[in-house]
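Positions -17 to 425 (my numbering) are the ones given, in order, by the sequence shown.
Quick reminder that beta carbons are idealized off the backbone N, C-alpha and C, glycines included.
Let me begin by presenting the structure, written as C-alpha cells, before commenting on it.
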Amino acid sequence: MSNNEVSSSSVTHRLPTIQSGYNVLLRLPNGDIRGVKVDKDATITVGRLGSFFANELIGVPYGFTHEIVDKNLKIMPPRTLQEVEDTDATNELINDGESVQPLTIDEITALKQSGVHSSDIINKQIEAHANYSLKTEYSKEKYKKRKEAKYSKTFTTIEPTLFNVCDYWFNKDQTRIRDIRADTLSQILNLANVRPGGRYIAVDDASGLVICGILSRMGGEGRLITICDTDSPPAYPVMVQMNFDPKSVNGVLSSLNWATAQEDYTPVLPPSDVPAEDMKSERQKARLKKRKLVTDALASTREELFAGEFDGLIVASEYDPWPIVQKLTPYISGSASIVVQSPYGQILDDLQNKMRAVPSFLCPTVTEGWLRRYQVLPGRTHPTMMTSGTGGFLLHAIKVYDDPEASAVETHRSHRNKKAKMGQPQVVIEKESTLLDSEMAVE
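Printed below as a string of C-alpha cells:
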C-alpha cells in the first residue's frame, strides 16, 4: 500500500460517516439540496437522477460526489479549480438560434436511452455547437455547468450540521422557520450565551430550528425547557434532520404547554396508581407504568420551571412576544439574556418601547442582520446576483433585579466627591476647636 493510500485511509477513518437511520442532505447538479433518509436495505429515489441502494452510502464519509450507475454508486474524483485564461473572444458575434445546435431533442433522448454517459452527450453538443468557439472562457464554463445540471446523474452528500440544515430550510421554505437565516441563528445563540451546562427556556414556533441550535451548542449537557401550545410535545421537522442522539436529547429537553406552565393550574391526569388485583394483563401494566412515568416527568418539569434561576430566555413565536416575556421573565436569573426573534421589525419596536418602561430590563436593543454571499472562483469573484433581503429582526435585553433603594454608582461617587470638597475646611476647624476646648479644660 502506498503512502498516499495510507494517508487517505487514515483521513477517511477520522471523518464522520453516514450510518443507517441517518438523514442526509444531497446537493444535486443544478444546485438544489434534497433531504433523504438512509435506511439499511432500502432504495432511495432522487427525482430524475433515478434511484440507488441505500447500502451504498452506509459507512461512507460525507462530502464525496457519487454517480448513479445501475442503482449503484460510483465515487467521482474531486474537481479542481483551474485558472481561466484571458482571451480576446467576446460574445458579440454569437447569434442564438436553432441552427447553432444541430442535435435535436429526439437525438439526445436516444443517446440517453442507449446508455451513453452524460459527459459524452455534453461533448457531442459542444462539438456540434456552431458558436462555441466564439464564446468567452466564462461563457464556456457556464455552458458546461448548464448541461451538467441537465444530464449529469451525480450528487454530493452534505453533513447535516446546524449551518447546512438551516441553509437548507431557508432555501426550501423560509416562512416555516420564521425567516431565520444561518447568520441570524448564530446571533441568537451568541446573544443568549448558549453554552454546555446552561439552563434555558425557549418558545420555538420555527419548526424546531432554535431548539436544534440550542441543543447543538449544549452538547448534551444542561437543561432546556420548551413552552408550546399543544397538549403533546410537538414534532419538530428540523430536529429530525440533525441526527441527534435520542438519549442525550431526552436527558436535556423537556416540554410544557402554556396551561401546564401556569403555577395555579392543576393538571387533570388519569389515575396511574391502580391496585394489582385490578390489572388484568401485562399490556395494561405497561400502559399504567408509562402513564406514571409521564405524570412524574410533568410534575418534575413544572417544579423545575417554577424554581427558576434559568440562564436565558429565547423566544421565536408567532404570538405577541410581550405577554410571553412577562410570563417567563420571573423564571430566569439576574444578568440572564432575553432574545426575541421576529420576521417583522415593528413587532420588536413595540416590544422595545414596553420593555424600556420596566426597570427589570436592561438596554433592550433591536438589530437586523445583513448577509451577502460571494462567488469565489479564480478570476470570477463577485457578489451573487440574487440574495435574501432579510433574515429577521432580533431584540436583546438583560434581566436585572429592580431595587428602588439602589442608586447609580456614578451618582454615589459624584456625591461623595462633592461632600469631601465641601467638608474638608470644616473638619480642620472642628479639630482646632476641639484642641482649644481641651486646653481650656486643663487650665
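Three or more beta-carbon pairs drawn from the region 310 to 329 and the region 283 to 300 are found closer than 8 Å, and the two stretches are therefore classed as touching. Excluding its 5 nearest sequence neighbours in each direction, leucine 7 has C-beta neighbours in its own chain below 7 Å: Ile15, Gly17, Ile140, Pro142, Asn146, Tyr150, listed in chain order. The beta carbons of leucine 377 and valine 348 sit closer together than 7 Å. Annotation: aspartate 385 to serine 342 spans about 9 Å, alpha carbon to alpha carbon. Listed in chain order, the non-local C-beta contacts of proline 178 below 7 Å within the same chain comprise Met200, Gly201, Glu203, Gly204, local neighbours out to five positions each way being set aside. Comparing alpha-carbon positions, the option among Phe375, Tyr4, Glu387, Gly13 lying closest to asparagine 153 turns out to be Gly13. By the C-beta density criterion, glycine 195 is buried, having at least 16 other C-beta atoms within 10 angstroms.
In the structure shown, proline 43 falls within a strand segment according to DSSP collapsed to helix, strand and coil. Collapsing the DSSP output to three states places methionine 367 in coil.
For phenylalanine 292, the secondary structure class from DSSP, reduced to helix, strand or coil, is strand.
Ranking Asp21, His48, Ile40 by CA distance to the CA of glycine 32 puts His48 first. Under the three-pair Cβ rule at 8 Å, the region 229 to 247 does not count as touching the region 260 to 275.
Contact annotation: the region 275 to 287 does not touch the region 344 to 362, with fewer than three C-beta pairs closer than 8 Å. Annotated as distal: valine 234 and leucine 280, with beta-carbon spacing of 7 Å or more. Rounded to the nearest whole angstrom, the CA to CA distance from isoleucine 209 to glycine 190 is 12 Å.
Closest by C-alpha distance to aspartate 213, out of Glu264, Val220, Trp240, Asp187, is Trp240. Straight through space, the alpha carbons of threonine 277 and threonine 369 are spaced by roughly 48 Å.
When the Cα atoms are used, asparagine 232 and valine 340 turn out to be separated by approximately 36 Å. With contact defined as three or more Cβ pairs closer than 8 Å, the region 95 to 102 and the region 129 to 140 are in contact. In the displayed model, valine 176 falls within coil according to three-state DSSP, outside both helix and strand. Of the residues assessed, glycine 374 falls on the buried side of the cut-off, its CB having 16 or more other CB atoms within 10 angstroms. In the same chain as glutamine 169, and ignoring 5 residues on each side of it, the C-beta atoms closer than 7 Å to its own belong to Gly351, Leu376, in chain order.
Inclusion of isoleucine 50 and phenylalanine 34 in the CB contact set at 7 Å is warranted, their separation being smaller than that value.
Between tyrosine 313 and phenylalanine 292 the beta-carbon gap is near 6 Å, inside 8 Å, which marks them as a contact. DSSP places serine 198 in the helix class (H, G or I) of the three-state scheme. Secondary structure in the region 329 to 364: the beta strand (DSSP E) runs of 3 residues or longer, each lying completely within the stretch, are 343 to 350 in chain order. For alanine 174, the number of other beta carbons within 10 angstroms of its own is at least 16, and it is reported as buried. In this structure, the CA atom of tyrosine 125 is about 55 Å from the CA atom of proline 305. By the CB criterion at 7 Å, isoleucine 0 and isoleucine 40 fall inside the cutoff. Comparing alpha carbon positions, the residue from Pro11, Ser2, Ala379 closest to lysine 19 is Ser2.
For cysteine 148, the closest alpha carbon among the candidates Thr136, Asp161, Phe137, Thr138 is that of Asp161. When the alpha-carbon of leucine 197 is set against those of Met337, Val176, Asp187, the nearest one is in Val176. Within the same chain, and ignoring the five residues on either side of lysine 22 in sequence, the residues whose Cβ sits closer than 6 Å to its Cβ are Ser2. Looking at the backbone, the Cα of threonine 166 and that of alanine 188 are separated by about 13 Å. Sequence-distant Cβ neighbours of glycine 316 in its own chain, meaning closer than 7 Å and more than five residues away, are Lys381, Val382, Tyr383.
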